[in-house]
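Single-structure report; data block below.
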Amino acid sequence: MSSKRILFEYLDNNKDELVEYVKSLVQIPSINHTFGGDEKTVQDWLADSLRSLNFAEVEQFAVDDEQVRPNVVAVMKGTGGGKSLLFNGHMDVVPIAEPHKWRSDPFEPLQQGNKIYGRGTSDMKGGVSAAIWAMKALKECGILLRGDVLLQAVTGEESNEAEEIGTVQCLKRGYTADFAVVCEPTDLELHTASVGLFFFELIVEGKAVHISARNQVLFPQPAGVPSGPTVGADAFKKSLPFVNYFYSLEEQWNHRWRDAVLGAGGSPGHDVQGVGLFTINPSFIEGGEYLGSVPAKVKLMYGVWYPDQLVKKEELWEEIRRGVEALASTDDFLRSHPPKLTVPVLQEWQGFHVPADHAGVRAMMTAITDVEGCKAVLSGFRAVCDAAYLNKHGVPAVVFGPGSLSWSVHGENEYITVDSLVAAAKVYASMMMDWCQ
């Protein structure tokens, strides 16, 4: 029997232990510290667990002032002369918005058949567990590699603190490699690119007046009777042309730019996330001051996913500005009360792109075929993750993992499947053997 078959058989025979490992991690609430949670307890547990597996090196360290946001790194040393491989995943999770909508307590994992429900199952304690189990399989089966295999289990990802707290701090500490796999949920597709993200805010002003005078705001009145903007202006109504413009712009951008992998349906087969490079999402719409008043102000907040390897964000910002100015110029009231556009606002994320002919990508494609028995699907990550920071700092990184962003990630009843966990662990183990020899 080949070494890979031995590994795959080991992972099949020990899948129940892998499932219990995932459940153990999910049972430890690890809501991101920025949102009032505790990231340290789960990392303490993980570090102890990794030490019990007798890896050559396990380090837990924190760089925040309070020392409550530690990262955990494990190293499985090779015999020398081979390429190194890094697996990366975050242990922090997002808050629970509506716990009563869950099938059970979000931090008491519930298994029903092939599905395991719980916060962090897909995003992404399942992926981290699969990587650990792949490393464990090689050790238990006595398979030696020439290159080192590293695991980074980080904090701060859900608050975009890779530079300050998490992944980048691991790199600065010397935990780097020739190639990296980020274990985010990808439906077992290989994501070689991701989108970037920015936000913008538009404030549209109106003029408040008692709702009993709304008819004078809307309709022409007899001569000598005040009406229209003289009386008041409905900020909601004034904002609608801009809302429609952003919907139109979203459609136009998707037709204007195309990409063979990101947002094009996958290559060579169809991915499960669908087509489309751009989304302009209305994240917040806020307005109105009082029940009895015509609204005086509306604030629109949008999040934009875009392919930053195809178009510069500054070009998109300028088009948004031009469109807002042009629309405002068509309205008598808005010409003298121009909307206030802020772009960008809040945080930004960058995307990444690794060529399909990169040696690491080819090795991952082979590993996927070894396990799945079919060609790997190359597609794009429809979110942002620490792969962007790894690439930015010189470590070519792709995204591949169990679970799916569409399996209620960041929502109620998030889940992962046992089958995807085992398959991902096999792919990781196969990649270790091929890349690190």
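In this note's numbering, the protein residues as written are 44 to 480. Cβ coordinates follow ideal geometry from the N, Cα and C atoms, glycine included. Given the structure is predicted, the values throughout are model-derived calculations rather than measurements.
| Asked | Found |
| --- | --- |
| Three CB pairs or more closer than 8 angstroms across the stretch 153-171 and the stretch 68-80 | yes |
| For Tyr345: DSSP bridge partner residues | Phe243 and Pro325 |
| Spatial distance of Leu501 from Asn56 (CA atoms) | Within the shown structure, residues of the chain are numbered from 44 to 480, placing residue 501 beyond reach of any answer. |
| For Glu151 and Gly331, the rounded distance between their alpha carbons | 41 angstroms |
| Pick from Gln195, Cys226 and Asp230 that is closest to Tyr218, judged by C-alpha positions | Gln195 |
| His133: first and last residue of the uninterrupted beta strand (DSSP E) it sits in | Leu128 to His133 |
| Status (buried if at least 16 other CB within 10 Å, exposed otherwise) for Asp400 | exposed |
| Unbroken stretches of the beta strand (DSSP E), 3 residues or longer, contained in the stretch 194-270 | 222-225, 233-237 and 239-248 |
| Other residues of its chain near Gln352: CB distance less than 6 angstroms, five sequence neighbours each side excluded | His396 |
| Secondary structure of Ala174, DSSP reduced to three states | helix |
| Own chain, CB closer than 8 angstroms to Gln264, minus 5 neighbours either side, in chain order | Ser270 |
| Burial state of Glu227 (16 or more Cβ within 10 Å) | buried |
| Residue environment, Cys417, which counts as buried when at least 16 other CB atoms sit within 10 Å | exposed |
| Opposing strand residues paired with Gln154 [DSSP bridges] | Ile159 |
| Neighbourhood of Asp374 by C-beta distance below 8 angstroms, restricted to the same chain and skipping five residues each side | Lys281 and Pro284 |
| Sheet register partners of Met119 (DSSP bridge) | Val192 |
| Test item: CB-CB of Val115 and Ala90 under 7 angstroms | yes |
| Pair within 7 angstroms by beta-carbon distance, Pro350 and Phe279 | no |
| Through-space distance from Asp59 to Val452, alpha-carbon basis | 23 angstroms |
| N-terminal and C-terminal residue of the beta strand (DSSP E) that Thr460 is part of | Tyr458 to Thr460 |
| 6 angstroms Cβ shell around Met119 - same chain, five flanking residues per side excluded | Phe98, Met178 and Val192 |
| Range of the contiguous beta strand (DSSP E) that encloses Lys383 | Lys383 to Trp392 |
| Test item: CB-CB of Lys126 and Gly190 under 7 angstroms | yes |
| Cutoff 8 angstroms; reference Lys356; Cβ partners in own chain excluding five residues on either side | Gly239, Phe241, Tyr349, Pro387 and Glu391 |
| Secondary structure of Gly169, DSSP reduced to three states | helix |
| Option nearest Thr412 by Cα separation, candidates Lys469, Glu455 and Glu201 | Lys469 |
| Simplified DSSP state of Leu421, which is helix, strand or coil | strand |
| Cβ shell of Thr273 (< 8 angstroms), same chain only, five flanking positions each side left out | none |
| Environment of Glu200 [buried if 16+ CB atoms lie within 10 Å] | buried |
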